[in-house]
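One structure below.
2 protein chains.
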Amino acid sequence: MAPQKGNLMTFREDVRVLDCTIRDGGLCNDFRFTDDFVRDLYQTNLATGTDYMEFGYKASVDLFNPEDFGKWKFCSDEDIYDIVGDNDTNMKISVMADVGRTDYKRDIRERSNSPVDLVRVATYVKTIPAAIDMIEHCAKMGYETTCNVMAVTQARREDLLEALELLGKSPIHTVYIVDSYGSLYPEEIRDISDMYLEKMDKYGKQVGIHAHNNMQLAFANTITACANGVSMLDATMNGMGRGAGNCMMEQLMTFLRNPKYQLPPVLRFVEQHMDKLRAEGVKWGYDTPYLLTGYMDMHPRTAIAFTKDNRHDYATYFANLGHE
Amino acid sequence: MAPQKGNLMTFREDVRVLDCTIRDGGLCNDFRFTDDFVRDLYQTNLATGTDYMEFGYKASVDLFNPEDFGKWKFCSDEDIYDIVGDNDTNMKISVMADVGRTDYKRDIRERSNSPVDLVRVATYVKTIPAAIDMIEHCAKMGYETTCNVMAVTQARREDLLEALELLGKSPIHTVYIVDSYGSLYPEEIRDISDMYLEKMDKYGKQVGIHAHNNMQLAFANTITACANGVSMLDATMNGMGRGAGNCMMEQLMTFLRNPKYQLPPVLRFVEQHMDKLRAEGVKWGYDTPYLLTGYMDMHPRTAIAFTKDNRHDYATYFANLGHE
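Those sequence lines, one after another, are chains C and L.
Sequential numbering of the first sequence, starting at 1, is according to the working numbering.
Sequential numbering of the second sequence, starting at 1001, is according to the working numbering.
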């Protein structure tokens, strides 16, 4: 195991915080956030010292019907400009582009004419060649890029190592460990981040972590990765994200020692907006069925349906899990 | 840092699971559990493979009015016999005795005439001499004993080291790391468990962990301690315990690899009893104010009042925390 980087009395200059409340949280409400919510979130992230704010997905309108979703599924430059103006701040703006779901040659144009700074390319290991094509396009257009390699637990290690080599040689800035099913324990996070860091150090690139809270380990895994040398840390307000959600921004803000990061704006936002969303019936966060899909390293879709139906028959659910 | 003991594909024979749902959960409902609940819990723990079941506190009726609490605040031998009969099983029965709150010379008599196997003596570092007197008494009466050194984060390290030396020389079996305020990060758990294990190894004794979930780290800290060599692991059904509660038994059962441990009985119990308790208004579990008291290493009493009052003004609460 690599030695820990930094400790609880210091901070590392390489650490960056990315708020993806709209993007991962949007999976809970089909991206139907009010403009007030998004504007307040932007101001809150500025006050918090957040380094990147992700507005949503850059999905293709040829593949998804805009009437079925709020606008942050598509993240047009115009909609982002409406919120951030010319974003004359130190905070960078990010969007996520899924391999196969973004018409990037049409929809991702020159950075100089866009409010977006960072394009995060989300891919499975098997679609790495397509991801690299997107990364090269985005780099050519002037964007900072990351590659978020999803479902890391279900990739074969030899494929993952080859993917990391290819990404190391690409114009990418950061490669992300993505625990899509929330199934990793901290000791596995240490092992995987050792692997990612070794490959990326070789190419002068950084590593990020995007955790899910299925087993109530999202915060633990995020800070474990951070202590191991991972630089980019994803979080969302009150952990809003698909199913069990993500590492909570308020948790992360109590952990980070760099005085540029501020907890109170996050607390105010949770109070004003997140509790309201919950009261309106939007559901996310730890619950027993997510523990079970996390433990079984399975997609949480059946657990989401279980909580939506207000079921409580956990033992029956578990007995059938993977056999339905 | 000491090397990890065991891994995710093996199990350690020294690991023991202790269910303290009645004892720590009793702090949420003044120990007013129905006999049905306690009987089903006993049967569930047997089916789960739990090694110890803790019935409650051995509080003195001279100090606490029995009318103010359910019977498990006092744990008379007769009340335990009512549930377990002669407990002709492999599961051991435990009670907790607080230094200064138990009339142990009167209330803790010969083990041969009691259903209790283990007395867990809870103490602060400053009352270690009184704890050792209790431990010696209980050992003389034939009981297995542990010492649960509370509020470890607020003890000076030199005092703690001396306490561990004294406990090492006592007739104790296990000494517990108790993160009373839920304020420890996994990296601190590794450091503290290294310290405890080094001292206890010297005397041929074991170490246990009792975690709180204020920062949503109870499970992470429990399995981190376990991987570091800690043997006795506390958990409660659905994490029921004061404030943010404890490591959840269902989480622990998904982690442990020894096939003697069974998850489904826990899921059935959560379904039948814990969801019902919540529906009846008993409150426990992670919430924002607990994150804040955990982060500040403070007793959760103001956070408990905050959630009881259904307050949501987290930023105001945080601004005043420690200044009220």
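Beta carbons: idealized from backbone N, C-alpha and C, even for Gly.
Remember, predicted model here, so these are calculated numbers, not experimental data.
Cβ pair residue i, residue j closer than 9 Å
i	j	result
Arg16/C	Met232/C	yes
Pro1300/L	Thr1044/L	no
Leu1217/L	Tyr1196/L	no
Leu167/C	Val149/C	yes
Thr983/L	Gln1154/L	There is no way to answer for residue 983/L, as the model of chain L reaches only from 1001 to 1324.
Gly70/C	Asn29/C	yes
Ala1234/L	Tyr1295/L	Reading off the sequence, residue 1234/L comes out as Asp, not Ala. Not a contact, by the Cβ cut-off of 9 Å.
Tyr181/C	Ala151/C	yes
Arg101/C	Ser60/C	yes
Asp313/C	Ala303/C	no
Ala1211/L	Glu187/C	no
Leu1277/L	Met1240/L	yes
Tyr317/C	Ala244/C	no
Gly1025/L	Met1237/L	yes
Asp1082/L	Asp1040/L	no
Val1077/L	Lys1126/L	Strictly speaking, residue 1077/L in this sequence is Asp, with Val absent from that position. Contact flag unset, no.
Gly1229/L	Thr1146/L	no
Ala97/C	Ala122/C	yes
Val95/C	Lys58/C	yes
Glu13/C	Ala1315/L	no
Tyr1261/L	Thr1021/L	no
Leu1321/L	Leu1292/L	yes
For residue j and residue i, the rounded distance between their alpha carbons
i	j	result
Asp103/C	Asn1214/L	44 Å
Glu144/C	Ile108/C	12 Å
Met1134/L	Glu1110/L	14 Å
Leu1219/L	Pro1115/L	Note on residue identity: the sequence assigns Phe, not Leu, to residue 1219/L. One C-alpha to the other measures close to 30 Å.
Met1091/L	Glu1054/L	10 Å
Leu161/C	Cys1247/L	35 Å
Asp194/C	Met200/C	10 Å
Asp1068/L	His1137/L	29 Å
Ile1189/L	Pro3/C	16 Å
Ala1319/L	Asp117/C	34 Å
Glu198/C	Lys169/C	14 Å
Ser367/C	Asp297/C	As displayed, chain C neither begins before 1 nor continues past 324, which places residue 367/C out of reach and without an answer.
Lys1105/L	Pro1066/L	19 Å
Asn7/C	Phe1037/L	45 Å
Leu1256/L	Thr1222/L	11 Å
Thr1307/L	Asn87/C	38 Å
Asp191/C	Pro1129/L	43 Å
Those residues which DSSP pairs with residue i across a bridge
i	result
Asn1246/L	His1212/L
Val52/C	A small correction: the amino acid at residue 52/C is Tyr; Val does not occupy that position in the sequence shown. Paired residues: Leu18/C, Lys92/C.
Val119/C	Val95/C, Thr145/C
Asp234/C	Leu18/C
Val1207/L	Val1175/L
Tyr57/C	Met96/C
Exposure of residue i, with buried meaning 16 or more beta-carbon neighbours within 10 Å
i	result
Pro1259/L	exposed
Met1009/L	exposed
Gly1204/L	exposed
Asn310/C	exposed
Arg268/C	buried
Arg156/C	exposed
Lys343/C	There is no way to answer for residue 343/C, as the model of chain C reaches only from 1 to 324.
His1323/L	exposed
Gly281/C	exposed
Tyr1089/L	In the sequence as displayed, the identity of residue 1089/L is Thr instead of Tyr. Exposed is the call here.
Asp19/C	buried
Leu339/C	Given a span of 1 to 324 for chain C in the structure shown, any question on residue 339/C remains unanswerable.
Asp1051/L	buried
Ala1279/L	exposed
Ala365/C	Here chain C covers residues 1 to 324 and nothing more, so residue 365/C does not appear.
Interface residues of chain D facing residue i [CB-CB closer than 8 Å]
i	result
His312/C	You won't find chain D in this structure, because its protein chains are C and L.
* In chain order, what residues of the segment 211-227 of chain C put their CB closer than 9 Å to some CB of chain L? -> Asn213, Met215, Gln216, Leu217, Ala218, Phe219, Ala220, Asn221, Ile223, Thr224, Ala227
Selection of the segment 1273-1288 of chain L by Cβ proximity to chain C, strictly under 7 Å
Asp1275, Thr1288
### Query
Closer than 7 Å, Cβ to any Cβ of chain C: which residues of the segment 1031-1064 of chain L, in chain order?
none
Can you give me, in chain order, the residues of the segment 1236-1254 of chain L that have a beta carbon less than 7 Å from any beta carbon in chain C?
Glu1250, Gln1251, Thr1254
(message) Along the segment 1181-1209 of chain L, where does the CB come closer than 8 Å to a CB of chain C? Name the residues.
(response) Tyr1185, Pro1186, Glu1187, Glu1188
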